[in-house]
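Take 0 as the starting number for the sequence shown in numbering that gives the first Met the number 0 and just add one per residue.
For glycine and all other residues, C-beta sits at the position ideal for the given N, C-alpha and C.
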Amino acid sequence: MVREAYVLAHPFVFRWQGDYYLVPEAHTETCGRLYKATKFPEEWQFECNLLEGEKYISPTLVHHGDRWWMFVSPPGNQTLRLFFSSELKGAWREHPLSPIVANDAHGRAAK
0 MVREAYVLAH
10 PFVFRWQGDY
20 YLVPEAHTET
30 CGRLYKATKF
40 PEEWQFECNL
50 LEGEKYISPT
60 LVHHGDRWWM
70 FVSPPGNQTL
80 RLFFSSELKG
90 AWREHPLSPI
100 VANDAHGRAA
110 K
């Protein structure tokens, strides 16, 4: 179980190269925090911050081809932004066409 001094919600859990990872939503944090299971599903250790700077919620990660894709929303539920990286723990950059959904009540991935 992951314990932090702030509320965590909507855990996004995935498996990559034989390991389980978790990216929870945290409204009070400004970055996506990546955790790796040391004993799935009970024990997790912090690995790194995926995004820093702005507040994002509802992180969803997809590995396709040779890239990682991350869909996130800023608070407010009306925008969906897209970031990409060649490495899970690498430098994430915002896609040139992001936001991919703007000013739409259904912009947030998790509802």
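From the options, residue whose alpha carbon lies closest to that of residue i
i    : options                : result
E143 : N102, G75, R66 and D18 : Because the chain spans 0 through 110 in this model, residue 143 falls outside it and cannot be assessed.
H63  : L79, E46 and S84       : S84
K38  : G52, L81 and D18       : D18
E46  : P40, Q16 and L87       : L87
E51  : G89, H9, W15 and V12   : G89
F82  : G75, A101 and L49      : L49
H9   : L21, W15 and K35       : L21
P40  : E53, K54 and R14       : R14
Residue i classed as buried or exposed, judged by whether at least 16 other C-beta atoms fall within 10 angstroms
i   : result
T78 : buried
W91 : buried
P23 : buried
G31 : buried
W43 : buried
Residue j beta carbon less than 7 Å from that of residue i
i   : j   : result
R80 : P98 : yes
Chain C contact for residue i (CB, 7 Å cutoff)
i   : result
F39 : Here chain C cannot be found, since the structure has a single protein chain.
**OP:** Mind the definition here: the region 68-84 touches the region 53-60 only if three or more C-beta pairs lie below 8 Å; say whether that holds.
**Re:** Touching, yes, given that three or more Cβ pairs across the two stretches are closer than 8 Å.
Query - Within the region 8-82, ranges of the beta strand (DSSP E) (whole runs, at least 3 residues) - result: The region 8-82 contains these whole beta strand (DSSP E) runs: 8-15, 18-24, 32-38, 42-48, 56-63 and 66-72.
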